[in-house]
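Number of protein chains: 2
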Amino acid sequence: MARSNNMQDDAATPSDSPSQRLAVAGPPTIRDVARLANVSIGTASKALNAGGRLSKETRENVLRVAREIGYRPNDLAQSLHRAKSRTIGIISNDSFGRFTFPIVEALEERLAEEGIAVFMCNATDDPARERQHLDQLLGKRIDGLVVTARRADKRPPIGPLAHGLPVVYVFSQADDPGALSLLPDDEGGAVLAVAHLAARGRKHIAHVTGPEHFEAVRLRKTGYRAALAEAGLPEIDGFYLSGVWSEAWGREAVAKLFSRRERPDAIFCGNDQIARGALDALREKGVSVPGDVAIVGFDNWDVMTLAARPPLTSIDMNLKALGREAGDSLLDMIAGGANSGVKRRPCSLVVRESS
Amino acid sequence: MARSNNMQDDAATPSDSPSQRLAVAGPPTIRDVARLANVSIGTASKALNAGGRLSKETRENVLRVAREIGYRPNDLAQSLHRAKSRTIGIISNDSFGRFTFPIVEALEERLAEEGIAVFMCNATDDPARERQHLDQLLGKRIDGLVVTARRADKRPPIGPLAHGLPVVYVFSQADDPGALSLLPDDEGGAVLAVAHLAARGRKHIAHVTGPEHFEAVRLRKTGYRAALAEAGLPEIDGFYLSGVWSEAWGREAVAKLFSRRERPDAIFCGNDQIARGALDALREKGVSVPGDVAIVGFDNWDVMTLAARPPLTSIDMNLKALGREAGDSLLDMIAGGANSGVKRRPCSLVVRESS
DNA sequence: GTGAAAGCGCTAACAC
DNA sequence: GTGTTAGCGCTTTCAC
Chain C
30 MARSNNMQDD
40 AATPSDSPSQ
50 RLAVAGPPTI
60 RDVARLANVS
70 IGTASKALNA
80 GGRLSKETRE
90 NVLRVAREIG
100 YRPNDLAQSL
110 HRAKSRTIGI
120 ISNDSFGRFT
130 FPIVEALEER
140 LAEEGIAVFM
150 CNATDDPARE
160 RQHLDQLLGK
170 RIDGLVVTAR
180 RADKRPPIGP
190 LAHGLPVVYV
200 FSQADDPGAL
210 SLLPDDEGGA
220 VLAVAHLAAR
230 GRKHIAHVTG
240 PEHFEAVRLR
250 KTGYRAALAE
260 AGLPEIDGFY
270 LSGVWSEAWG
280 REAVAKLFSR
290 RERPDAIFCG
300 NDQIARGALD
310 ALREKGVSVP
320 GDVAIVGFDN
330 WDVMTLAARP
340 PLTSIDMNLK
350 ALGREAGDSL
360 LDMIAGGANS
370 GVKRRPCSLV
380 VRESS
Chain D
30 MARSNNMQDD
40 AATPSDSPSQ
50 RLAVAGPPTI
60 RDVARLANVS
70 IGTASKALNA
80 GGRLSKETRE
90 NVLRVAREIG
100 YRPNDLAQSL
110 HRAKSRTIGI
120 ISNDSFGRFT
130 FPIVEALEER
140 LAEEGIAVFM
150 CNATDDPARE
160 RQHLDQLLGK
170 RIDGLVVTAR
180 RADKRPPIGP
190 LAHGLPVVYV
200 FSQADDPGAL
210 SLLPDDEGGA
220 VLAVAHLAAR
230 GRKHIAHVTG
240 PEHFEAVRLR
250 KTGYRAALAE
260 AGLPEIDGFY
270 LSGVWSEAWG
280 REAVAKLFSR
290 RERPDAIFCG
300 NDQIARGALD
310 ALREKGVSVP
320 GDVAIVGFDN
330 WDVMTLAARP
340 PLTSIDMNLK
350 ALGREAGDSL
360 LDMIAGGANS
370 GVKRRPCSLV
380 VRESS
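Those protein sequence lines, which keep their order, are chains C and D. Using this note's numbering, the first residue of the first sequence is number 30, and each one after it goes up by one. Using this note's numbering, the first residue of the second sequence is number 30, and each one after it goes up by one.
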């Protein structure tokens with residue numbers, strides 16, 4: 030039964046006739062193509078790879094057969110030969126949260142353009158799992174590696190790994206000067222926000238932000254202070270408030286700010302959730318936004334910015350661009366280029382009605 | 030030049046000594062291990078794979094050498110031999126959003142347990158890109174495929190693909206009875222919500238939800254009506270409102286509901302954003318939640334449920350469990366098991382202060 | 001107990 | 001123009 034298509038003349042033994050083999054085994058191989066096209070394997074390969082000197086007829090015949098039987102070269106075999114897998118790995122410690130996601134997506138898109146596939150591994154901050162994933166990836170002979178995380182801290186460099194394996198850290202910082210780390214410019218983002226508020230004539234600008242153990246919080250604070258100085262505005266006592274990354278903290282912070290004599294006419298918030306909490310608290314207090322107080326958030330997370338009343342001005346970290354650049358850098362390193370150091374990429378300001 | 034490796038005795042030419050080769054070429058191979066351990070390749074393989082009859086000494090010696098030079102078997106070569114790549118692909122059309130993410134994460138975790146790596150591909154609803162990714166994956170001889178999406182509609186089955194390639198659709202539904210689709214039980218989730226409200230003594234339960242072109246919306250509506258009937262409650266005219274998935278619509282819907290004579294004492298919302306909008310509108314109206322009106326959302330998205338005032342009761346689709354089951358099913362199918370049909374998995378109710 | 005050799009699917013160098 | 005062949009790194013059967 031089930032003797033599939035093809036074959037000219039075949040004596041007796043059906044069990045190992047070519048057709049049988051085709052029917053039983055997995056995907057068709059170049060051998061199958063060659064047999065059916067009545068050429069040698071080498072010739073078939075030449076035809077399929079558009080190489081060498083070949084009569085038009087042979088070439089077309091081979092290609093036709095290949096198409097007919099649905100031949101698709103086995104990448105594993107090709108990789109073995111080329112010593113390049115056209116595959117990279119990405120290890121995340123943020124379990125691919127809201128921030129890593131746009132990055133990974135853009136990265137994958139960039140690499141797909143070059144025909145490079147991406148292995149996705151989630152280590153969730155467990156060094157053992159990270160080690161295990163890395164091992165697996167090295168076994169698969171990946172051509173490069175991307176490491177992503179929450180940004181909180183510098184992380185120990187991943188390793189040990191195959192000598193010369195290109196690695197890019199993105200939204201993550203390796204504690205190793207020889208490594209390449211790609212990050213958003215938090216300080217510059219803060220400057221953008223505060224300069225914008227100052228340009229709108231605000232004189233009393235507060236900063237409500239997250240926990241100081243985040244490097245981003247410290248950098249944004251630096252930017253906030255630098256921009257105040259640049260605009261000739263004073264730093265007012267009690268106008269810098271560090272808390273947690275929640276709406277509740279945003280509401281609480283507004284209560285704190287308004288229990289003082291000197292009140293802000295603008296608040297730069299460390300993220301959009303804090304900003305939204307602040308916005309809600311002000312509205313409920315009867316304080317007009319942006320009339321009395323202008324608000325700027327950070328992250329430009331549409332779920333927050335668009336649902337806020339009024340819609341929230343925010344700083345965008347351009348994560349997709351960051352992901353794309355990570356892809357570019359990795360490709361370049363795979364091609365032999367050198368790259369290292371901490372690189373920070375500009376944020377941008379997205380103005381909406383809250384400022 | 031470039032006279033490659035091998036061969037026991039070879040005069041002069043230092044350029045192809047074993048050490049040289051080791052230094053120049055890529056990762057160490059089993060050949061290197063064998064040479065340095067002074068055994069044949071076959072023996073080395075046996076030692077490394079804990080197989081066959083081998084003297085303890087030889088075995089240990091081989092393992093020691095392997096460890097020393099950092100030998101790691103080349104998975105590509107193994108795969109070629111085994112005709113199994115221990116690799117699967119996942120194609121997403123939701124660009125890995127909030128819903129697909131927990132699923133993919135759990136899936137990856139489950140597969141990692143079995144030493145199977147996951148290729149991540151984002152097709153973003155572009156059939157051409159989907160086709161292209163699929164091609165690449167087939168070339169890489171994946172052992173299985175997972176397809177994910179927004180749930181809006183049934184999608185055409187992916188293909189054509191290698192005969193017998195196991196495929197699981199999760200949070201996505203293939204228009205093909207022979208395929209396996211894993212989905213949350215939207216109808217059951219709605220029943221859970223409404224029964225909960227009824228059990229709390231609510232008699233006038235409204236349902237504010239998203240666009241009807243989502244199958245989930247239609248199913249939840251069915252559940253809503255079934256649960257009302259079950260509790261002996263009437264369906265009140267104008268108490269079912271379909272709109273969009275936003276907070277703004279939640280606020281607007283409350284305005285609509287309260288412009289009528291008959292007012293609800295509970296609202297079951299189609300997602301947490303709508304619920305949150307409703308909550309805000311009620312608070313601003315001075316209507317007490319849950320005193321006067323109880324609210325239940327859908328999705329159990331912490332960003333919404335925890336920031337809401339009061340915290341929001343919601344239906345959880347148990348997406349991680351769904352992802353894990355997708356992994357289990359795929360593994361089973363790879364092992365030869367058969368599986369098909371549309372399977373819906375239960376949601377659960379997470380009670381918080383809004384109800 | 002150990003080694004030699006065939007073969008997984010493919011490419012590239014070299015014959016003819 | 002086309003065929004033959006030697007590997008890529010690994011496993012496995014079969015001699016010895």
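Even for Gly, the Cβ is constructed at its ideal location relative to N, Cα and C.
Asked	Found
For the putative contact between K169 of chain C and S114 of chain C, defined by C-beta atoms under 8 Å, what is the C-beta separation to the nearest angstrom?	7 Å
Please compile the residues from chain D whose C-beta is within a distance smaller than 7 Å of the C-beta of R353 of chain C.	Correct list: empty, because the minimum Cβ distance to chain D is about 13 Å.
To test your reading of the DSSP string, which unbroken alpha helix (DSSP H) runs of 4 or more residues are found completely within the segment 271-358 of chain C?	276-286, 301-314 and 331-334
Show which residues of chain C have a CB atom less than 7 Å away from the CB atom of L109 of chain D.	L105, A106 and L109
Just checking: is the beta-carbon of K250 of chain D within a distance shorter than 9 Å of some beta-carbon in chain C?	no
Report buried or exposed for D309 of chain D, applying the criterion of at least 16 other Cβ atoms within 10 angstroms of its Cβ.	buried
Are at least three pairs of beta-carbons, each pair with one atom in the segment 233-242 of chain D and one in the segment 280-296 of chain D, less than 8 Å apart?	yes
Using only the alpha-carbon positions, how far apart do F128 of chain C and A323 of chain D sit?	34 Å
With a threshold of 9 Å between beta carbons, is C395 of chain C in contact with chain D?	It is not possible to answer for residue 395 of chain C, since the shown part of chain C is limited to 30 through 384.
Any idea if G261 of chain C is buried or exposed, counting beta-carbon neighbours within 10 angstroms, 16 or more meaning buried?	exposed
Does any CB atom of chain D fall closer than 9 Å to the CB of R170 of chain C?	yes
Hey, is the segment 371-382 of chain C in contact with the segment 207-218 of chain C, meaning 3+ C-beta pairs nearer than 8 Å?	yes
What residues of chain C sit near G55 of chain D, judged by a beta carbon separation below 7 Å?	A112
Cutting at 8 Å between CB atoms, please list the residues of its own chain near R353 of chain C, excluding the five before and the five after it.	A135, L136, E138 and R139
Look up L226 of chain C in the DSSP assignment and say whether it is helix, strand or coil.	helix
F297 of chain D to S377 of chain D, Cα distance in whole Å?	15 Å
Is the segment 172-190 of chain C touching the segment 200-212 of chain C, taking contact as three or more C-beta pairs under 8 Å?	yes
Should D155 of chain D go down as buried or exposed, given a rule of 16 or more other Cβ atoms within 10 Å for buried?	exposed
Can you tell me where the alpha helix (DSSP H) with N90 of chain C in it begins and where it stops?	K85 to I98
What does the alpha-carbon distance come out to for the pair L51 of chain C and R93 of chain C?	With a pLDDT of only 40 at L51 of chain C, under 50, the local geometry of the prediction cannot be trusted, and no value is derived from it.
Alpha carbon to alpha carbon, how far is R184 of chain D from F200 of chain D?	11 Å
Quick check: the Cα distance between L359 of chain C and L348 of chain D, rounded to an integer number of angstroms?	33 Å
Can you tell me where the alpha helix (DSSP H) holding I70 of chain D begins and where it ends?	I70 to L77
G357 of chain D: which of D:I145, D:N103 and D:G207 sits nearest, CA to CA?	Here the sequence assigns Asp to residue 357 of chain D, which means Gly is not the residue at that position. With distances taken between Cα atoms, D357 of chain D lies closest to D:I145.
Under 9 Å, Cβ to Cβ, is there at least one residue of chain D near L259 of chain C?	Before going further, note that residue 259 of chain C is Glu rather than Leu in the sequence given. Taking Cβ atoms only, chain D never reaches closer than 9 Å to E259 of chain C, which makes this a no.
Could you spell out where the alpha helix (DSSP H) holding S369 of chain D opens and where it closes?	No alpha helix (DSSP H) holds S369 of chain D; DSSP gives it neither H nor E.
List the residues of chain C whose Cβ lies closer than 8 Å to the Cβ of N329 of chain D, in chain order.	Simply none; closest approach about 15 Å.
Using three-state DSSP, classify H162 of chain D as helix, strand or coil.	helix
Checking contacts by CB at 9 Å: is E143 of chain C closer than that to chain D?	no
If we cut at 9 Å on Cβ distances, does R381 of chain D have a partner in chain C?	no
Do three or more CB pairs link the segment 92-106 of chain C to the segment 68-82 of chain C at distances below 8 Å?	yes
How many Å lie between R229 of chain D and S384 of chain D at the Cα?	8 Å
Check for me: the beta strand (DSSP E) holding R121 of chain C runs from which residue to which?	Rather than Arg, the amino acid found at residue 121 of chain C in this sequence is Ser. Here the beta strand (DSSP E) through S121 of chain C covers T116 to S121.
Which parts of the segment 133-196 of chain C are runs of the alpha helix (DSSP H), unbroken and 4 residues or longer, counting only runs that do not cross its ends?	156-168
Give me the residue from C:H110, C:A106 and C:E159 with the minimum Cα distance to H110 of chain D.	C:A106
Is there at least one Cβ from chain D nearer than 9 Å to A76 of chain C's Cβ?	no
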